[in-house]
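**Student:** Quick one: structure below, then a few questions.
Numbering (the working numbering), first residue to last: 240 to 334.
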């Protein structure tokens, strides 16, 4: 199998799993009103952070989740953004 074949295969696989992972990310964030980093979401779902980070980016671009101003350290020691469901951020601002 050549590199382009491998890339095509990986792309096809992600097209099947991405919607499910996005739904799972939203469910995890629904149960974490304080928000979570992509690494924390990956840990809850027992998934690779390499699978979760792109889903978090997609959901953020779709407006379904939002990046907060908060940061927490991830496994590598870097500061990572904390994300919340979009409606959770709106609800907190009402009170």
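Don't be surprised by glycine CBs; every beta carbon is placed ideally from N, CA and C.
Using only the alpha-carbon positions, how far apart do residue 316 and residue 293 sit?
**Tutor:** Here residue 316 refers to the residue found at position 77 of the chain shown. Here residue 293 refers to the residue found at position 54 of the chain shown. C-alpha separation (whole angstroms): 20 angstroms.
**Student:** Could you say which of 290, 314, 326 and 307 lies nearest to residue 261 if we only look at CA atoms?
**Tutor:** The sequence position of residue 261 within the chain shown is 22, counting from 1. Comparing Cα-Cα distances from residue 261 to each of 290, 314, 326 and 307, the minimum goes to 290.
**Student:** Considering only their Cβ atoms, is the gap separating residue 323 from residue 268 smaller than 8 angstroms?
**Tutor:** Counting from 1 along the chain shown, the entry for residue 268 is found at position 29. Counting from 1 along the chain shown, the entry for residue 323 is found at position 84. Contact: yes.
**Student:** Put residue 286 into one of helix, strand or coil per three-state DSSP.
**Tutor:** Taking the first residue of the chain shown as position 1, residue 286 is located at position 47. In this structure, residue 286 counts as coil in the three-state DSSP scheme.
**Student:** Does residue 273 come out as helix, strand or coil in the three-state DSSP assignment?
**Tutor:** As a first step, residue 273 is located in the chain shown; it is residue number 34 there, counting from the start. DSSP places residue 273 in coil when its eight states are reduced to three.
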